[in-house]
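All remarks here apply to the structure that follows.
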Amino acid sequence: MDSTIRVSGADSVANELIMDFPRHDTDTARAAHQALREHAQKTGERHLAALFEDDAQRFERLSRSGCGLLADISKQRLTTETLSLLSELARARGLQSWIECLFKGEDVNWTEQRPAMHWRLRDTKDRAPDVHAQLARMERMVDRILRGQWRGCEGDAITDVVNVGVGGSDLGPLMASFALSEQRPPRGHRPRVHFVSSMDGSQVAPLLQELNPATTLIVVSSKSFTTVDTLTNAATARGWLEREMPGRNGAVLRCHFVGISAQPERMSRWGIHEDNQLQFWEWVGGRYSLWSAIGLPIALTIGMQGFRELLAGAHDMDRHFQDTPWQDNLPVMMGLVDVWNLNFLNITARAVLPYDGRLKHLPSYVEQLEMESNGKSVTRAGENVTHHTCPVIWGEVGPNAQHAFYQLLHQGTQPVACEFIVAARHDRLNADGSEFKQLEDQHQLTLANCLAQSRLLALGEHALPADLELPAFKRYRGNQPSTTLMLDELSPRHLGSLLALYEHKVFVQAVLWGINPFDQWGVEMGKVIATDMIQVLESGQGGDNLDASSRALAERARCLNQD
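Take 8 as the starting number for the sequence shown in my numbering and just add one per residue.
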């Protein structure tokens, strides 16, 4: 069967454009694949306990540091030979040339014929005047809010900010704002920051009931400014404000709404005043946008100085990714490990396990970043892929997960790659500046659990006393592979480095898989069909064209809502 996807129109133009991009060496890549398959049969099934017994220097050989992070892959089911063979595959796939294309601003997002320049948002040198102009505009806005100089239409200072967005306009700002909430702006009074994303109103309605309209600012974040989820919630917030403060002659929109989008004319048509608009660009993908004005909630949480530190940490990782040899390059090394697990060991799931309550939203952020980026089944040549392109990613804060799904990890039947994230140091101070000793002890307990769980998952009963006898139902097989990412501390700069590490790792994987990580066409058609479904739910018209299941469910919902 011919599996080639025929293209026409814009797709054929995209295919012509990618002809100028690096072409991988097919013969060399095929040979590298074969070598890795043979190596996996020989090495991939060896127990991690045996690998540690064979090499007393295993940690030193299989851990790397950079940008305030340490990545330990010694508990992965691989050897230095594995990394060497994976590097040969990366060379055959043209990884170095693709990295250069990314940072030269080439149209690496070939299906949409544009570059992916999220890295430009954090370039610390003044080589991007448009970016720095928006940062300066954002800084003025943040300063006014923190100083209490941004006033509502009744003259009150802003006490609450509601970020209305979805996807990348919600997950990134929510994750980083929560992670860095212990940081304080150097001056001014930080408002309470809230996040609304669900289109069903279950978040926005109860939240608005708790807020004072006179002191509430609504931030509407949408790249296209057409996203129905976001605009529906924004309209609900606007209706609430106008009902609570009637007859203000447009002052509600002028004083209580900020818009962030790549489409300023659409913000204006919606009613957001030009002075209250922040912009970013089409070359910024939604899940890569927290570095732009979309990060306004982060800046309101930690101050603009802290936000610039976040950008600086990401820029540190950008330079590391470009300049560091592959054997010491954190994104390259981690990308190769994921390809090894998925394509050669057939480990199709990965659990993201932060051992820090401040990182509770990181698993959701990583889920979107990786699965929306690399959940693809068509290659650059328009052909169906013949291999997996992304694991199923899920996770939870580690101490909570220990009481939830670790049972499956320890004694279940399928392999799951794990990713432990922890801060080596967590300094907490009392109001008088003295150390909060009790919470330091709790951090030590958290660190101990993180290290112990990764050890038991890897070594199984080899981590237990040799004379310990266990019945069958208490046995621990081990050999669950894991990576540990240890931050020096959870600061804006180190968080920036960590997130940029994930972004570049995704790019490395995409190059090896031959796919585009910067589009998300799979998301679009569901939105189109949902629009058509509204008519079926409201009037029943169009239901004859549906499958039996969808038609029956729509009819049941319509009838119940008419009662």
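The beta-carbon is built from N, C-alpha and C at its ideal position, and this holds for glycine as well.
None of the values given here were measured: they were computed from a predicted structure.
| Item | Value |
| --- | --- |
| Who are the near neighbours of LEU567 in its chain, counting only those whose CB is closer than 7 angstroms to its CB and skipping five residues on each side? | none |
| Please classify ILE152: is it buried, with 16 or more other beta-carbons within 10 angstroms of its beta-carbon, or exposed? | buried |
| Classify SER91: buried if its beta carbon has 16 or more other beta carbons within 10 angstroms, exposed otherwise. | exposed |
| Note down the Cα distance separating GLY293 from ILE305, rounded to an integer number of angstroms. | 16 angstroms |
| Does the distance from the C-beta atom of ARG357 to that of GLU403 stay below 9 angstroms? | no |
| For LEU349, which of HIS394, LEU128, ALA36, GLN569 has the nearest alpha-carbon? | HIS394 |
| In chain order, what are the residue ranges of uninterrupted alpha helix (DSSP H) at least 4 long that sit wholly in the stretch 237-301? | 258-263, 271-277 |
| Do the CB positions of ALA186 and LEU366 come within less than 9 angstroms of each other? | yes |
| On the criterion of 16 or more Cβ atoms from any shown chain inside 10 Å, does LYS132 qualify as buried, or is it exposed? | exposed |
| What's the C-alpha gap between ALA183 and ARG565? | 40 angstroms |
| What runs of the alpha helix (DSSP H), each 4 residues or longer, lie entirely inside the stretch 302-355? | 303-330, 337-346 |
| For SER188 and ASP330, I'd like the C-alpha separation in whole angstroms. | 32 angstroms |
| Short of 6 angstroms in beta carbon distance, which residues of its chain neighbour ASP9, apart from the five on each side in sequence? Order them along the chain. | Here ASP9 scores only 30 on pLDDT, less than 50, and its place in the model should not be relied on; the value that follows carries that caveat. Cβ neighbours of ASP9 beyond the five flanking positions: none. |
| At a cut of 8 angstroms, does the stretch 297-316 reach the stretch 274-289 through at least three beta carbon pairs? | yes |
| Straight-line CA distance for MET324 to ALA507? | 6 angstroms |
| If distances are taken between C-alpha atoms only, which option among ARG197, PRO332, SER228, ARG100 comes closest to VAL203? | SER228 |
| With respect to the beta strand (DSSP E) encompassing THR490, which residues constitute its N-terminal and C-terminal limits? | 489-496 |
| DSSP three-state call for ARG65: helix, strand or coil? | helix |
| Around the C-beta of ALA321, are 16 or more other C-beta atoms found within 10 angstroms, so that it is buried, or is it exposed? | buried |
| Do HIS327 and GLY73 count as a contact pair if the criterion is CB distance below 9 angstroms? | yes |
| With distances taken Cα to Cα, identify the nearest neighbour of GLY533 among ARG44, ASN407, THR234, LEU497. | THR234 |
| In whole angstroms, give me the CA-to-CA distance for MET26 and VAL535. | Its pLDDT being 40, under 50, MET26 is placed unreliably in this model, and the value from its coordinates should be taken loosely. Their Cα atoms are separated by approximately 31 angstroms. |
| Within 10 angstroms of the Cβ of ASN256, are there 16 or more other Cβ atoms? Answer buried if so, exposed if not. | exposed |
| Use the C-beta contact count for LEU142: other C-beta atoms within 10 angstroms, 16 or more gives buried, fewer gives exposed. | buried |
| Leaving aside the five residues before and after HIS368 along the sequence, list all residues of the same chain whose C-beta is less than 8 angstroms from its C-beta, in chain order. | LEU178, LEU181, MET182, PHE185, ALA186 |
| Can you give the Cα-Cα distance for LYS230 and THR538, rounded to whole angstroms? | 19 angstroms |
| Taking the straight line between their C-alpha atoms, what separation do you get for VAL423 and PHE351? | 14 angstroms |
| Give me the Cα-Cα distance between ALA319 and GLY549, rounded to the nearest whole angstrom. | 53 angstroms |
| With 16 as the cutoff for other CB atoms within 10 Å, does ARG65 come out buried or exposed? | buried |
| Within this structure, are the beta carbons of LEU337 and ARG129 separated by less than 9 angstroms? | no |
| Could you check what DSSP says for GLU390 in three-state terms: helix, strand or coil? | strand |
| With a cut-off of 8 angstroms on the beta carbons, I'd call ALA465 and GLY485 a contact; round off their distance for me. | 6 angstroms |
| At what residues does the beta strand (DSSP E) containing LEU224 begin and finish? | 223-228 |
| Just reading off the beta strand (DSSP E) that GLU426 is part of, what are its end residues? | 424-432 |
| Determine contact between the stretch 512-528 and the stretch 385-399, defined as no fewer than three beta-carbon pairs at a distance below 8 angstroms. | yes |
| Under 9 angstroms, do VAL169 and LEU214 count as touching if we go by C-beta distance? | yes |
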